[in-house]
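**Student:**
Residue numbers (the working numbering), protein chains in the order written: chain A, 1353 to 1596; chain B, 1353 to 1596.
(1) Given that residue 1385/B touches chain A, what residues does it touch there, using C-beta distances under 7 Å?
(2) Since residue 1414/A is in the alpha helix (DSSP H), which residue starts that stretch and which ends it?
(3) Buried or exposed, going by whether 16 or more other CB atoms sit within 10 Å of the CB of residue 1492/A?
(4) Quick one: Cα of residue 1550/B to Cα of residue 1395/B, how far?
(5) Check whether the Cβ of residue 1591/A lies closer than 8 Å to any Cβ atom in chain B.
(6) Listed in chain order, which residues of the stretch 1573-1589 of chain A have Cβ atoms closer than 7 Å to some Cβ of chain B?
(7) Taking Cβ positions only, does residue 1525/B come closer than 8 Å to chain A?
(8) Would you kindly report the start and end of the unbroken alpha helix (DSSP H) that includes residue 1607/A?
(9) According to a CB-to-CB cut-off of less than 9 Å, which residues of the stretch 1367-1396 of chain B neighbour chain A?
(10) Between which two residues does the beta strand (DSSP E) containing residue 1588/A stretch?
(11) Evaluate residue 1445/B with the Cβ neighbour count: other Cβ atoms within 10 Å of its Cβ, from every protein chain shown; 16 or more gives buried, anything less gives exposed.
(12) Would a check of beta-carbon distances place residue 1425/B closer than 8 Å to chain A?
(13) Please report whether the beta-carbon of residue 1469/A lies at a distance below 8 Å from any beta-carbon of chain B.
(14) Take residue 1474/B and list the residues in its own chain whose beta-carbon comes closer than 8 Å to its own, dropping the five residues that flank it on each side.
(15) Just to check my reading of the structure: residue 1532/A and residue 1588/A have Cβ atoms closer than 8 Å, yes? What is that Cβ distance to the nearest angstrom?
(16) Considering Cα atoms alone, identify which of 1388/A, 1517/A, 1406/A is closest to residue 1366/A.
(17) Whose CA, out of 1559/B, 1577/B, 1563/B, lies closest to the CA of residue 1569/B?
(18) So, are the CB atoms of residue 1451/B and residue 1479/B less than 8 Å apart?
(19) Name the DSSP beta bridge partners of residue 1318/B, please?
(20) To test your reading of the DSSP string, which unbroken beta strand (DSSP E) runs of 3 or more residues are found completely within the stretch 1517-1563 of chain B?
(21) Run down chain A in chain order and give the residues with a C-beta less than 7 Å from the C-beta of residue 1466/B.
(22) Excluding the five sequence neighbours on either side, which residues of its own chain have a C-beta within less than 8 Å of the C-beta of residue 1415/A, listed in chain order?
(23) Compare the C-beta of residue 1463/A against all C-beta atoms of chain B and say whether one is closer than 8 Å.
(24) Out of curiosity, what's the CA-to-CA distance linking residue 1511/A and residue 1431/A?
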């Protein structure tokens, strides 16, 4: 591996910034980790000791790289980062999915990854054009949950449909939609929740692809934040039905 | 009013950055607006014309202030901002409340304000030490919904309790808690949802103050993001019961 560059989308590797995301990467995607960067001032800290221990167990090199860490993190301090090779998985056909269609904000995507994992959804697709899934900001916002998920990026939604032609789709949109609380009265064993772009939502054509769902809110706000909408959708689709 | 400073918490005024938040400020809090700043390059744009029209109707001065806008927004472009005097309201005793206890992230607080308004919750308290409610970043993340809400900042939770001694409190925490879906089986007409700090949550003592509630998620993530937890709580407490 040549010397490290500041992150760019065209690189075949990226960085998991911070102790916790680096640990998650080493634990859940050890085969992807190329090395671990540590700031010289972090030596002796508990987080650093744990990280070194884990890296050694995985035969991953740990190196001091103050300058690379500074380049990586901009203004914020960053004392550790795992350097990992990007990956793409086959999503599991027998599990629920989340599809993010053309999301534009790395914080939102990271937060949705974290929320999906918290509710037991392990398969996430992104549809281009979209924010960079492997951008260190996305990884950071996901708190490293990216490494516990199966993820795949599609160039178009039609490609996702080709891979999974028979699933029941629930696009979150206003057109022709059912309130969420009604939609969950009849949830099939596998399903796909689809969320659109922060500004423009989903194209109107998605209304004919499945059962459109809306989260009822009043007209005093333009819309819900994307990550909030996804959080509510994920919670409602996964929480135990018998309590209702 | 003297010449404008970059935002600092000790100022008695702040900025609503962007066309939409500025409009919201002029529409919902006209008495608080001191002036409207416009970038010279924004003249003739539709958003600028609307804003000027609204400001004139409210007898608010509009001025070109390219440098003040640049100071205000840092790296991002900002073409308009309403300068507004900070405010504090009496929360309404006969309405549901949200209390954010020592929140540390302005993006989370802004997103929660927007979500609360979207679900019809108009009364929000913050408890110090906390992020600055009037920081332009909070205002921006709220998409201007701050100006449609009644807000109050308390130095301690006890002060909130003194103002509202008999309300049913629902602290979101893990200790001794009911799953959310059970808690909403018996929701009183007025209630207060309480959310703790992003990192540390609520102090254990809150478990004895009311009915602790938890959002059930698995142990594969450390916790849900604060704004996501609040979004799920707000949605679940406000969505029509008859669909359940």
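For each residue, glycine too, the CB sits at the ideal point set by N, CA and C.
**Tutor:** By the coordinates alone:
(1) Taking the second chain and counting its residues from 1, the one referred to as residue 1385/B is at position 33. For residue 1385/B, none of the residues of chain A pass the 7 Å Cβ criterion, the least Cβ distance being about 19 Å.
(2) Translated into positions along the first chain, residue 1414/A becomes position 62. Looking at the DSSP string, residue 1414/A is not in any alpha helix (DSSP H); the run it does join, the beta strand (DSSP E), is 1413-1416.
(3) On the first chain, position 140 is the one that residue 1492/A refers to. It is buried - the Cβ of residue 1492/A has at least 16 other Cβ atoms within 10 Å.
(4) The residue given as residue 1550/B occupies position 198 in the second chain. The residue given as residue 1395/B occupies position 43 in the second chain. Using only the alpha carbons, I get a separation of about 41 Å.
(5) Counted from its first residue, the first chain places residue 1591/A at position 239. Closer than 8 Å to some Cβ of chain B, the Cβ of residue 1591/A qualifies, so yes.
(6) 1573, 1574, 1576, 1577, 1579, 1580, 1583, 1584, 1587
(7) By one-based count along the second chain, residue 1525/B stands at place 173. Not closer than 8 Å to any Cβ of chain A, the Cβ of residue 1525/B fails to qualify, so no.
(8) Nothing can be reported for residue 1607/A, as the shown portion of chain A is limited to 1353 through 1596.
(9) 1372
(10) Taking the first residue of the first chain as position 1, residue 1588/A is located at position 236. No beta strand (DSSP E) holds residue 1588/A; the alpha helix (DSSP H) holding it covers 1578-1590.
(11) In the second chain, residue 1445/B corresponds to position 93, counting from 1. Exposed, since its Cβ has fewer than 16 Cβ neighbours within 10 Å.
(12) Looking up residue 1425/B in the second chain gives position 73. By this cut-off, residue 1425/B is not an interface position.
(13) Translated into positions along the first chain, residue 1469/A becomes position 117. So yes, residue 1469/A belongs to the interface.
(14) Translated into positions along the second chain, residue 1474/B becomes position 122. Taken in chain order, the residues that qualify are 1444, 1447, 1468, 1500, 1501, 1502.
(15) Translated into positions along the first chain, residue 1532/A becomes position 180. Translated into positions along the first chain, residue 1588/A becomes position 236. Confirmed, about 5 Å.
(16) By 1-based counting over the first chain, the position of residue 1366/A is 14. Here the closest residue by C-alpha is 1388/A.
(17) Counting from 1 along the second chain, the entry for residue 1569/B is found at position 217. Nearest C-alpha to residue 1569/B: 1577/B.
(18) What you label residue 1451/B is simply residue 99 of the second chain in a count that begins at 1. What you label residue 1479/B is simply residue 127 of the second chain in a count that begins at 1. Result yes, Cβ atoms of residue 1451/B and residue 1479/B sit closer than 8 Å.
(19) Residue 1318/B cannot be examined here, being either before or after the span of chain B that is shown, 1353 to 1596.
(20) Entirely contained in the stretch 1517-1563 of chain B, the beta strand (DSSP E) runs reaching 3 residues are, in chain order, 1520-1523, 1543-1547.
(21) For the purposes of this step, residue 1466/B is taken as the residue at position 114 of the second chain. By Cβ distance, chain A contributes 1573, 1577.
(22) To locate residue 1415/A, count along the first chain from 1; it is residue 63. By the criterion of a C-beta distance shorter than 8 Å, residue 1415/A is surrounded in its chain by 1387, 1388, 1389, 1390, once the five residues flanking it on both sides are discounted.
(23) Taking the first chain and counting its residues from 1, one reaches residue 1463/A at position 111. It does; some Cβ of chain B falls within 8 Å.
(24) By one-based count along the first chain, residue 1511/A stands at place 159. By one-based count along the first chain, residue 1431/A stands at place 79. Computed Cα separation, rounded: 39 Å.
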